[in-house]
Each structure stands twice: as structure tokens, then as C-alpha cells.
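Q: As they're listed, the protein sequences go chains A and E. In our numbering, each number is its position in the first sequence, counted from 1, plus 612. Numbering follows our numbering, with no gaps: position 244 of the second sequence is 228. Glycine included, each C-beta is placed from N, C-alpha and C at the ideal position. Following this message is one structure expressed as C-alpha cells.
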Amino acid sequence: MLSQPARRFVGTRRSRTQAEMSAIRWLAVLPFIGILIGTAFVNRVEPLVFGMPLALSWIVGWVVLGAIIMAIIYVLDPANARSEADGEEAQ
Amino acid sequence: MMSALVIIFLAMAVALALGLRARSGKTMTLEQWTVAGRGFGGPLVFLLTAGEIYTTFTFLGGSGYAYGKGAPAYYILAYGVLAYILSYWLLPPIWRYAKRHRLVSQPHFFARKYDSPALGLLVAAVGVIALVPYLVLQLKGLGIIVSVASYGSISADMAIWIGAAVVTAYVMVSGVRGSAWNAVVKDVLILAIVIFLGVYLPFHYYGGYSEMFRAIDAAKPGFLAFRAEGQSVLWFQSTVALTALGFFMWPHAFGAVFTARSERTFRRNAFMLPMYQLILLFVFFCGFAAILKVPGLTGGDIDLSLFRLSIQSFDPWFVGVIGAAGVLTALVPGSMILTAAATLLANDVARGLSPTIAEDSVASIARGLVPIIALVAVWFTLQGGQTIVALLLMGYSFVTQLFPALVCSLMRNNPVTKAGAFAGIAVGVAAVAIVSLTHSTFRSLLPFLPAEMNDVNVGFAALALNVIATAAVSAATRPAATIAAEHV
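So this is what it looks like as C-alpha cells:
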């Protein structure tokens, strides 16, 4: 059991990370905008990027960015840290 | 010339043996047979999920679409990442709810959430309808591989029968564990082969990617960008939206969610699996490389392009290795799909109609249904005609109709009533069926719509009708007092 001040400390830290988290979550919207809307503006072959037509390389770029964004969200999401600490999924 | 076939049949035999071995020493209840007792750890779920995604659809269909259609194939790369982003928030609550209520199937989930066995039956029916074209495309792929690798000595029809027999046999003996072990073998093999082909073919024939794409652009101007009409940007947008929302609505994908040991698996997958999607690029490169080297394939034959180019480029033994990987990409998902369809019919339709059936008999009904479903799929496959991608898009058009009711059921205060969910799904599925069966477009049925509407994916337009019907019927059937969140 934690002492009263320590528990309060954990509480505030958690609520702060949750506030940060809800802001960072919005990053997940970017790949939807990039792919679903952005593609309309890059529907060309030239210039080739990494040897690929522009429209294709644009989509590739968003796949990579999407993975990076989700990795950031995963690392910062308190839900993942919590379940690890609880050891509920020792694998 | 026979060495290619020998290697391919050897791969089938090994796959079957792995399936048999996975079964030994275990007595199987229905729950074990379908979700393997929820015992899979992270790495195996990773491979199982990835194994489902890398199917004949990507290997032959993806390369074929790049070969035959050009830019529209890009959609195949785009929707996965969006689906995985959604899965970060979508799958954990599904998994938690299913685990708490010991659910083994998608219709159970809907029936429990909406407290409506009738809705469960409808969802089961939609699942089976959507799985048929998905199974058909696996069999079509098997037929292509075996008949092309036999250099014509085995007909495509005969090859489809052989493939269907192998899938049926190992699903019946081993259930999902068999496909998990084969998924491990398959993923390693397909990864190595696709990357090799995707690098070798463009460099061997064109001297590099830029050179290849410039040559294609010069020979077929406009082929590598979306068209002004038809498969336009609007088609791309609506198709990506449809397939991203439908990604986890497949009964077997939903079932694979239940096999995870913890909900964190899904959050991890959400950032690990999108990168895996990039191997699709190499498949595209194979299809693009074939455009100027094996020209002239049209209609349903565009799916042959990767294999035709391989035969032109390599010794028969290596064609056999490529074919073996191709066979596994059809067998692994084929077995998952067959399992899912049989389970849906036995556990959800049969038991839904007559709840007194004992669990033992449900398992044997499921097993007995496997060859029957395989036969139905063989029949549809032999009808032929459609490309692999068109078949999958048809399945998506059906299965995505489940999305609105599912996502609303996860809300704390579900705004959708059981009648609303039922009406929405029924309207969406009926719209897709009418448009597909009459080969019409929405604009020919509703001429006041603007011309651009023709480019919108049929399934996506049906989804819009679905949402309208869901909202209207829910509003009409909503009780005066707000329904409390009894299903959190």
C-alpha cells in the first residue's frame, strides 16, 4: 500500500500522462487525412520518388509514418505500461 | 519440367503433415478447434494474423492487379495501415467482451451485444456469404499455380479439385492449429520469395525501378496514376475506406482476435503489422515488371502474370519453389476461411435455429460441413471469369456492412437498437446483392445522382445506405427512456 502523498503523486502523474495521451492520440488521424484526402493532390507519375511513381511513394510514405505514429502512441499509452507492470501478460 | 510439380505437391504433403502433427495428443472441443483454447502467445498470433493477410489475394491478385490495372492496385497497400490504426482502439474491447462472455464467434458477439439471436443469425449469414468469394479466390489461385506450373499438363479445373481436397483434408483433421504452424512456414517462404522476385525481375529486365516505371509510363501513359473517371481517385478513396473498415469484420479475422492471450497484443500489432504491409510493394513490382514482358493477358487472366513471368525467367525447379510458396498462401488462409464458414453454419446457424443441439454434435456438424462448403466453393470457382481482386472486393462489400452496428455496440450508450442494427445490415447487404446481381450501378438505379457517383465503390455506397437505415430505424424503435449501458 502506498502512503497518502505517494498515492496522490501517482494519481497526478497518471492524469497528466492521460492528458498528454489524449492529445497524442490525434496523431492517428493524420494517416487517414494523408491517404484518403492527400492522394488526390499527388495523383501523378513524375517525379519518381525512390524509383516509384509519386502517387505510390506517397502511400508508402504514409504506411511508414502510420507505423511510427502508432509506435509513439503505444509507448506513451499508460494502458500498455499498466498491464506490463501488473504482469498480466508474462509471455 | 516435372520438377516444378513435384516440389509443389511436396509442399502440399508437408502442409498436410504439419496439420496432422499439430493435432496429436489433443482432444478437441469446439472452442479448441476454432480458437485453440486462447493459448497462442504474441509471436504466434503475429504470424497467424499476418498469415491471414498474405494470401493468394496479395501474391497473385496483387501482382495481377498491378499488371492489368496499374495505379488502382495501390489501394491494396493503403488500407491495411488504416485498419491497423483503427484496431488499436477497436480490438481490445472486442477481445475483453468476448473473453468475459466466453464467446467463440462473431454472431455470438452481435447476438449478445444486441440481445438478439435473430441478429446473430443475420450476421452469420452475412459472414458465410462474404466468405464464399474469399474461398473461391484461394481455390482460383491454387488452380493457377498448379496448372501453370505443370506447363499445361494438369488443367486448371483439375488443379482446383486437387487444391480443394487438400484444404478440406487438413481443416478436418486439425482445425486452426494446423494453419498456425503452416503460417509459420509460409510467412518465411513467401517473404524470401517475394522480396527476391520484386528485386530481381525489375533489375534483370529493366535495370532498376525508375527505369521500369519510366518504360511503363512511356508505353502506357496514365497507367501509373488514377484515371479521370472509372477507377478514379474517388474510387480509390471509397475503396480504401470500405476495406479499412471491413478489415476486421471478416468472421475469421474476428475469430483470430479471440485467439490472442492479452489485449496488449493488438496494440503491439497496430504498429508492427503496418510495416509488414510494405512487402506488398515487391508483389506490385513483380506485376509491373510483367507488363511489358508478358503482355496480352486480360480479364480474369491478369492473375496469371506473376507466374507467367516466372516461367519465362527461371528454371522449372525454381518455378516449383515459387509455386510451393503460392500453394501455402492459398492453403493457410483457405483453411482459416473454411473453418470459419463451417463454424458459422454449425455453431451459429444450426444451433441458432435449434438451441438444443449438444456441443459434441455441433463440433461434428462443423466438421461434416467442411467438405460441403468446399464443394460449393469449387462450383463457384469453376464458373470462373472474375479477377482475384474483384472477388475479394465483393466479399468486403458484404462484410463491411457489419461495421456500423459493431462500432456502435462498443459505445457506452449504444444509440443503435436491435431493430436498427438488423435493418442497417439487411439494407446494406441487399444493396450490394442487387447491384452485383444485376450488374448495374447506383447511378443507373438512381439517375438523379451526379456522374461521379459511378466511381464510388459499390460497397461503400451501400454502407452509406446502411448507416441511414440504421439511424432511421433506431430512432423509430428507441424506447422513451434512454437505454442504460447494460453491456459495457
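1. Listed in chain order, which residues of the region 188 to 204 of chain E have Cβ atoms closer than 7 Å to some Cβ of chain A?
2. Looking only at its own chain, which residues have a Cβ that is under 7 Å from the Cβ of residue 95 (chain E), when we skip the five neighbours before and after it?
3. Assuming residue 332 (chain E) contacts residue 108 (chain E) (C-beta within less than 8 Å), just tell me the rounded distance between them.
4. My assumption, with CB atoms under 8 Å, is that residue 412 (chain E) sits in contact with residue 441 (chain E). Please give the rounded CB distance.
5. Count the other CB atoms, across all protein chains shown, that sit within 10 Å of the CB of residue 436 (chain E); report buried if there are 16 or more and exposed otherwise.
6. Tell whether a beta-carbon distance below 9 Å holds between residue 273 (chain E) and residue 185 (chain E).
7. Do we get a CB-CB distance below 9 Å when we pair residue 636 (chain A) with the residues of chain E?
8. At a Cβ cut of 9 Å, what residues of the region 64 to 78 of chain E count as close to chain A, listed as they run along the chain?
9. List the residues that DSSP assigns as beta-bridge partners of residue 211 (chain E).
10. Mind pulling the chain E residues with CB within less than 8 Å of residue 665 (chain A)?
11. Have a look at E:243, E:45, E:230 and flag the residue whose alpha-carbon is nearest the alpha-carbon of residue 447 (chain E).
12. Could you tell me the alpha carbon to alpha carbon distance between residue 687 (chain A) and residue 679 (chain A), rounded to whole angstroms?
13. Among the candidates E:352, E:407, E:92, whose CA atom is the shortest distance from the CA of residue 339 (chain E)?
14. Can you tell me whether residue 320 (chain E) is helix, strand or coil according to DSSP?
15. Under DSSP, the alpha helix (DSSP H) around residue 462 (chain E) begins and ends at which residues?
16. Provide the residue(s) that pair with residue 664 (chain A) in DSSP beta bridges, ordered along the chain.
17. Which whole-angstrom value describes the C-beta separation of residue 63 (chain E) and residue 682 (chain A), a residue pair presumed to lie in contact below a C-beta threshold of 8 Å?
18. Can you tell me whether residue 11 (chain E) is buried or exposed? The criterion is at least 16 other CB atoms within 10 Å of its CB, across all chains shown.
19. Based on Cα-Cα distance, which residue from E:418, E:405, E:443 lies nearest to residue 457 (chain E)?
20. Would DSSP call residue 191 (chain E) helix, strand or coil?
21. Mind reading off the beta-carbon distance from residue -4 (chain E) to residue 150 (chain E)? Whole number of angstroms is fine, and I expect it under 8 Å.
22. Select from E:155, E:111, E:89 the residue whose C-alpha is nearest the C-alpha of residue 1 (chain E).
23. I want to verify the contact list: residues of chain A whose CB lies under 8 Å from the CB of residue 225 (chain E), in sequence order.
24. Counting only beta-carbon atoms, is residue 690 (chain A) nearer than 9 Å to chain E?
25. Give the residues from the region 250 to 262 of chain E that approach chain A closer than 7 Å (Cβ to any Cβ), ordered along the chain.
26. Which value, in whole angstroms, describes the spacing of the CA atoms of residue 408 (chain E) and residue 329 (chain E)?
27. Is there at least one Cβ from chain A nearer than 9 Å to residue 21 (chain E)'s Cβ?
28. Spatial neighbours of residue 350 (chain E) within its chain, please: CB distance less than 6 Å, with the 5 preceding and 5 following residues excluded, ordered by chain position.
29. Could you work out which residue in E:51, E:127, E:53, E:390 is closest to residue 235 (chain E) when comparing CA atoms only?
30. Can you tell me which of E:78, E:401, E:56 puts its alpha carbon nearest to the alpha carbon of residue 250 (chain E)?
31. Distance check for residue 80 (chain E) and residue 179 (chain E), CA to CA, integer angstroms please.
32. For the putative contact between residue 266 (chain E) and residue 182 (chain E), defined by C-beta atoms under 8 Å, what is the C-beta separation to the nearest angstrom?
33. Within a Cβ cutoff of 8 Å, which residues of the same chain sit near residue 420 (chain E), ignoring the five residues on either side of it in sequence?
34. For the alpha helix (DSSP H) that contains residue 436 (chain E), what are its first and last residues?
35. Helix, strand or coil: how does DSSP classify residue 224 (chain E) here?
36. Out of curiosity, what's the CA-to-CA distance linking residue 467 (chain E) and residue 219 (chain E)?
A: Considering the structure as presented:
1. 192, 193, 194, 197, 201
2. For this step, residue 95 (chain E) is matched to residue 111 along the second sequence. Excluding sequence neighbours, residue 95 (chain E) sits near 101, 103, 104.
3. The residue you call residue 332 (chain E) lines up with position 348 of the second sequence. The residue you call residue 108 (chain E) lines up with position 124 of the second sequence. Going by Cβ atoms, the distance from residue 332 (chain E) to residue 108 (chain E) rounds to 4 Å, so yes, they are a contact pair.
4. Here residue 412 (chain E) refers to the residue found at position 428 when the second sequence is read from its first residue. Here residue 441 (chain E) refers to the residue found at position 457 when the second sequence is read from its first residue. Contact flag wrong, Cβ pair sits at about 13 Å.
5. Walking along the second sequence from the start, residue 436 (chain E) turns up at place 452. Result: exposed.
6. Here residue 273 (chain E) corresponds to residue number 289 of the second sequence, with the count starting at 1. Here residue 185 (chain E) corresponds to residue number 201 of the second sequence, with the count starting at 1. In contact: residue 273 (chain E) and residue 185 (chain E) (Cβ atoms closer than 9 Å).
7. On the first sequence, position 24 is the one that residue 636 (chain A) refers to. No, residue 636 (chain A) lies away from the interface with chain E (no Cβ there is under 9 Å from its Cβ).
8. 64, 65, 66, 68, 69, 70, 72, 73, 76
9. On the second sequence, position 227 is the one that residue 211 (chain E) refers to. Answer by DSSP bridge pairing, in chain order: E:216.
10. Here the question's residue 665 (chain A) lines up with position 53 in the first sequence. What residue 665 (chain A) touches in chain E: 55, 197, 201, 208, 209.
11. Indexing the second sequence from 1 puts residue 447 (chain E) at position 463. When only C-alpha atoms are compared, the closest one is E:230.
12. Residue 687 (chain A) sits at position 75 when you count from the first residue of the first sequence. Residue 679 (chain A) sits at position 67 when you count from the first residue of the first sequence. Going from the Cα of residue 687 (chain A) to the Cα of residue 679 (chain A) covers about 12 Å.
13. Counted from its first residue, the second sequence places residue 339 (chain E) at position 355. Residue 339 (chain E) has its Cα closest to that of E:92, out of E:352, E:407, E:92.
14. Position 336 of the second sequence, counted from the first residue, corresponds to residue 320 (chain E). If DSSP states are grouped into helix, strand and coil, residue 320 (chain E) belongs with the helices.
15. Position 478 of the second sequence, counted from the start, is the residue given in the question as residue 462 (chain E). Taken as a continuous stretch (DSSP letters only), residue 462 (chain E) belongs to no alpha helix (DSSP H), as it is neither H nor E.
16. Position 52 of the first sequence holds residue 664 (chain A). Partner(s): A:661.
17. Here residue 63 (chain E) is taken as the residue at index 79 of the second sequence, counted from 1. Here residue 682 (chain A) is taken as the residue at index 70 of the first sequence, counted from 1. With a Cβ gap of about 15 Å, residue 63 (chain E) and residue 682 (chain A) do not count as contacting.
18. For the purposes of this step, residue 11 (chain E) is identified with residue 27 of the second sequence, where counting begins at 1. The predicted model places residue 11 (chain E) with a pLDDT of 45, which falls under 50 and marks its position as unreliable, so this point remains unresolved.
19. Taking the first residue of the second sequence as position 1, residue 457 (chain E) is located at position 473. Checking every option, the nearest Cα to that of residue 457 (chain E) belongs to E:405.
20. As a working note, residue 191 (chain E) is residue 207 in the second sequence. Of the three classes helix, strand and coil, the one that applies to residue 191 (chain E) here is coil, per DSSP.
21. Here residue -4 (chain E) is taken as the residue at index 12 of the second sequence, counted from 1. Here residue 150 (chain E) is taken as the residue at index 166 of the second sequence, counted from 1. Right, the Cβ-Cβ distance comes to about 5 Å (below 8 Å), so this counts as a contact.
22. If you number the second sequence from 1, residue 1 (chain E) lands on position 17. Minimum Cα distance to residue 1 (chain E) is reached at E:155.
23. Residue 225 (chain E) sits at position 241 when you count from the first residue of the second sequence. The contacting residues are 648.
24. Indexing the first sequence from 1 puts residue 690 (chain A) at position 78. Closer than 9 Å: no.
25. 251, 252, 254, 255, 258, 259, 261, 262
26. The residue labelled residue 408 (chain E) in the question sits at position 424 within the second sequence. The residue labelled residue 329 (chain E) in the question sits at position 345 within the second sequence. Roughly 22 Å between the two C-alpha positions.
27. By one-based count along the second sequence, residue 21 (chain E) stands at place 37. The predicted position of residue 21 (chain E) is uncertain, since its pLDDT is 42 and thus under 50; a value taken from the coordinates is nonetheless stated next. Output row for residue 21 (chain E): interface = no.
28. Counting from 1 along the second sequence, the entry for residue 350 (chain E) is found at position 366. Only 326, 327, 330 meet the Cβ criterion.
29. As a working note, residue 235 (chain E) is residue 251 in the second sequence. The shortest C-alpha separation from residue 235 (chain E) is found at E:390.
30. Numbered from its first residue, the second sequence carries residue 250 (chain E) at position 266. Considering only alpha carbons, the answer is E:78.
31. Here the question's residue 179 (chain E) lines up with position 195 in the second sequence. Here the question's residue 80 (chain E) lines up with position 96 in the second sequence. If you take the alpha carbons of residue 179 (chain E) and residue 80 (chain E), they lie about 37 Å apart.
32. Indexing the second sequence from 1 puts residue 266 (chain E) at position 282. Indexing the second sequence from 1 puts residue 182 (chain E) at position 198. Their Cβ separation, rounded to whole angstroms, is 3 Å, which keeps residue 266 (chain E) and residue 182 (chain E) in contact under 8 Å.
33. Here the question's residue 420 (chain E) lines up with position 436 in the second sequence. Answer for residue 420 (chain E): 378, 381, 442, listed in chain order.
34. Stepping through the second sequence from its first residue, residue 436 (chain E) is reached at position 452. Careful: residue 436 (chain E) lies outside any alpha helix (DSSP H) and carries neither H nor E.
35. On the second sequence, position 240 is the one that residue 224 (chain E) refers to. If DSSP states are grouped into helix, strand and coil, residue 224 (chain E) belongs with the helices.
36. As a position in the second sequence, residue 467 (chain E) is number 483, starting the count at 1. As a position in the second sequence, residue 219 (chain E) is number 235, starting the count at 1. Confidence at residue 467 (chain E) is low in this model, with a pLDDT of 49, below 50, so its placement is unreliable and the value that follows should be read with caution. Roughly 39 Å separates the two Cα atoms.
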